[in-house]
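So the sequence shown is numbered by my numbering: it starts at 1 and just counts up by one.
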Amino acid sequence: MPRFMLGRTHVPHRKNTAEAPAQRMPAPEQVVILTSQHIGAPATPIVKAGDTVYVGTKIGEASGYVSSPIHSSVSGKVKKIEPHLLSNGRSCMAIIIESDGQMTPDPEIKAPTVENIDDLVSAVRESGLVGLGGAGFPTAVKLDAEKKGLIDQIVINGAECEPYITSDTLTMIAKADKVKAGVEILEKFISAKNIAIGIEANKPECIAKLTEIFADDDKVTVIPLPSTYPQGAEKILIHNTVGRVVPEGKLPADVGCLVMNVTSVAFLAEYLETGMPLVEKCVTVDGSAIKNPMNVICPIGTSIEKLIEFTGGFKSEPGKILYGGPMMGISVYTTEEPIMKNNNAIVAFNKKDAKLPPSRNCIHCGRCVAACPMGLNPTLFARAMKVEDSRERVARLNEAKLMLCMECGCCSFVCPSVRPLVETNRLAKAELRAAQAKK
Ligand code: SF4
Ligand code: SF4
1 MPRFMLGRTH VPHRKNTAEA PAQRMPAPEQ VVILTSQHIG APATPIVKAG
51 DTVYVGTKIG EASGYVSSPI HSSVSGKVKK IEPHLLSNGR SCMAIIIESD
101 GQMTPDPEIK APTVENIDDL VSAVRESGLV GLGGAGFPTA VKLDAEKKGL
151 IDQIVINGAE CEPYITSDTL TMIAKADKVK AGVEILEKFI SAKNIAIGIE
201 ANKPECIAKL TEIFADDDKV TVIPLPSTYP QGAEKILIHN TVGRVVPEGK
251 LPADVGCLVM NVTSVAFLAE YLETGMPLVE KCVTVDGSAI KNPMNVICPI
301 GTSIEKLIEF TGGFKSEPGK ILYGGPMMGI SVYTTEEPIM KNNNAIVAFN
351 KKDAKLPPSR NCIHCGRCVA ACPMGLNPTL FARAMKVEDS RERVARLNEA
401 KLMLCMECGC CSFVCPSVRP LVETNRLAKA ELRAAQAKK
């Protein structure tokens, strides 16, 4: 354990949906499966309009090392394949499938044979598993680090620190046996000596349950973390559970760590048992505009509109709808947007809660600096963005270590002047990436 903890911002928890089991929604009339639901190159469609597909049929092939295949989440017919504008401003292709309402599993699906790490990496790649906690990094790439002998520590993320979101909490409660089975698979094929499971202290039931089921496993330690934000951010989690620091520009594997979300671990066990790839998600639907907050298990590609309709709809007109929680979530521009692999929540605020007070001048109070878990000074990014000369701007952003910003939102949350700090950082990062691409 480290001597001090990173990430000390107190945000309201609002875990309203932690007590009730998730509800499974019936197949929607159509699903929109995006080719880009992960970090890396989009998948390449391998079906065409008119093709018959089943639940689990592969419809897009991974198009690079850092990429992931995609699968149909319903049985039915491919209606069309067309370009789609994502809420983050990027675009990709979308495969639109009309459901036959039967949810027939693909008859070709069978549990993979896994006898060594190569088999495991190939199977996980085929499963379409990506980081389910929100990052969407292809899991097969993470596991591949084992082949290079890099991993000596596994860190399992059960922190779920974003307000409202409880889908991982439900995994730890309702699927604790699958989490155990997933950990046993990792223990079998990954040579790590230790496994740390980090869970925020505001989930005592999860801590008790996992401590109990791993009581006879000397390799596994369940570590209660402070209920402060952002305990679940990868670099913070690694630091706060095993005391290692991931250097700038490096990955967890560079400090010997394999980090997996607790729901990803449970999915791994289910996949090796059944062979059914990643085709559904448990999504927390909550926020002040939602009539009946709940967790819903839905086919990937279900529209936000249908998902919210299933929960009972809005209780008041929404002012803002987010993919994800209020700290790191992205506003959606239409409720026709589909659920993706890495979405674990849809949070909708009413007009009053969505309205931010007007931004005022910086009063140099330093709270944003004190709140930043990465030790950054967010005011430097804002100041750099005002520099007219683009070279000078880029130089200043690099000097202030902008790329270390993980967009956690702590700086914006604590700012008494309501400065749009994290938004500025996102814009600045886009500029740095563009400058890098030009080079
Ligand atoms: S600068 Fe980035 S990492 Fe630091 S608090 Fe703001 S959003 Fe989080
Ligand atoms: S918290 Fe806001 S007001 Fe205070 S220094 Fe940072 S940007 Fe300025």
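Just so it is clear, CB atoms sit at the ideal spot from N, CA and C, and this is done for glycine as well.
Computed from a predicted model, the values in this text were never measured in an experiment.
Who does residue i pair with in a DSSP beta bridge?
{"i": "N157", "result": "G198, N261"}
{"i": "T9", "result": "Y229"}
{"i": "S99", "result": "G76"}
{"i": "C448", "result": "Past the edges of the chain, shown from 1 to 439, lies residue 448, and the structure says nothing about it."}
{"i": "M93", "result": "P83"}
{"i": "I290", "result": "F314"}
{"i": "S67", "result": "A41"}
{"i": "P105", "result": "V55"}
{"i": "Q436", "result": "In the DSSP output, where bridge partners are listed per residue, Q436 has none listed."}
{"i": "R441", "result": "Coverage of the chain is limited to positions 1 through 439, which leaves residue 441 absent and any answer about it impossible."}
{"i": "I33", "result": "I95"}
{"i": "I223", "result": "G198"}
{"i": "E273", "result": "DSSP lists no partner for E273."}
{"i": "G60", "result": "P45, I70"}
Nearest-angstrom Cα distance between residue i and residue j?
{"i": "T35", "j": "D216", "result": "42 Å"}
{"i": "V296", "j": "V283", "result": "5 Å"}
{"i": "R426", "j": "K320", "result": "19 Å"}
{"i": "E337", "j": "G136", "result": "17 Å"}
{"i": "A49", "j": "T302", "result": "19 Å"}
{"i": "P42", "j": "R14", "result": "34 Å"}
{"i": "K341", "j": "A395", "result": "36 Å"}
{"i": "K58", "j": "T211", "result": "37 Å"}
{"i": "Y271", "j": "V259", "result": "19 Å"}
{"i": "F413", "j": "I185", "result": "39 Å"}
{"i": "A384", "j": "R393", "result": "5 Å"}
{"i": "T221", "j": "Q231", "result": "17 Å"}
{"i": "E399", "j": "E19", "result": "46 Å"}
{"i": "T445", "j": "E160", "result": "The chain is shown only over 1 to 439; residue 445 falls outside these bounds and no answer can be derived."}
{"i": "F267", "j": "E388", "result": "49 Å"}
{"i": "K348", "j": "K281", "result": "Note that residue 348 corresponds to Ala in the displayed sequence, not to Lys. In a straight line, the C-alpha of A348 is about 18 Å away from that of K281."}
{"i": "E115", "j": "M406", "result": "37 Å"}
{"i": "I117", "j": "P318", "result": "47 Å"}
{"i": "G182", "j": "V418", "result": "43 Å"}
{"i": "P358", "j": "P416", "result": "11 Å"}
{"i": "V121", "j": "L143", "result": "6 Å"}
{"i": "K77", "j": "C92", "result": "21 Å"}
{"i": "H71", "j": "E309", "result": "24 Å"}
{"i": "I339", "j": "P420", "result": "27 Å"}
{"i": "I39", "j": "I165", "result": "21 Å"}
{"i": "P224", "j": "M172", "result": "14 Å"}
{"i": "P454", "j": "R367", "result": "Residue 454 falls outside the range modelled here, since the chain spans only 1 to 439, and no answer is possible."}
{"i": "L322", "j": "V332", "result": "6 Å"}
{"i": "P138", "j": "S264", "result": "11 Å"}
{"i": "I33", "j": "I97", "result": "8 Å"}
{"i": "M403", "j": "K352", "result": "33 Å"}
With a threshold of 7 Å (Cβ to nearest heavy atom), would residue i be considered close to ligand 2?
{"i": "S359", "result": "no"}
{"i": "H239", "result": "no"}
{"i": "S417", "result": "yes"}
{"i": "V130", "result": "no"}
{"i": "T9", "result": "no"}
{"i": "I363", "result": "yes"}
{"i": "V414", "result": "yes"}
{"i": "P373", "result": "no"}
{"i": "T379", "result": "yes"}
{"i": "C405", "result": "no"}
{"i": "G76", "result": "no"}
{"i": "C206", "result": "no"}
{"i": "G366", "result": "yes"}
Report yes if the C-beta of residue i is less than 7 Å from at least one heavy atom of ligand 1; otherwise report no.
{"i": "E399", "result": "no"}
{"i": "V422", "result": "yes"}
{"i": "N88", "result": "no"}
{"i": "C408", "result": "yes"}
{"i": "L376", "result": "yes"}
{"i": "C161", "result": "no"}
{"i": "C411", "result": "yes"}
{"i": "N202", "result": "no"}
{"i": "N425", "result": "yes"}
Tell me, please, whether the CB atom of residue i is closer than 8 Å to any CB atom in chain B?
{"i": "R419", "result": "Here there is only one protein chain, and chain B is not present."}
- Task: Only counting runs of 3 or more residues, tell me where the beta strand (DSSP E) segments fall wholly within the segment 116 to 198, in order along the chain.
- Result: DSSP runs (the beta strand (DSSP E)) wholly in the segment 116 to 198: 153 to 158.
- Message: What ranges does the beta strand (DSSP E) occupy inside the segment 299 to 378, keeping only unbroken runs of at least 3 residues that lie completely in it?
- Response: 318 to 323, 345 to 350
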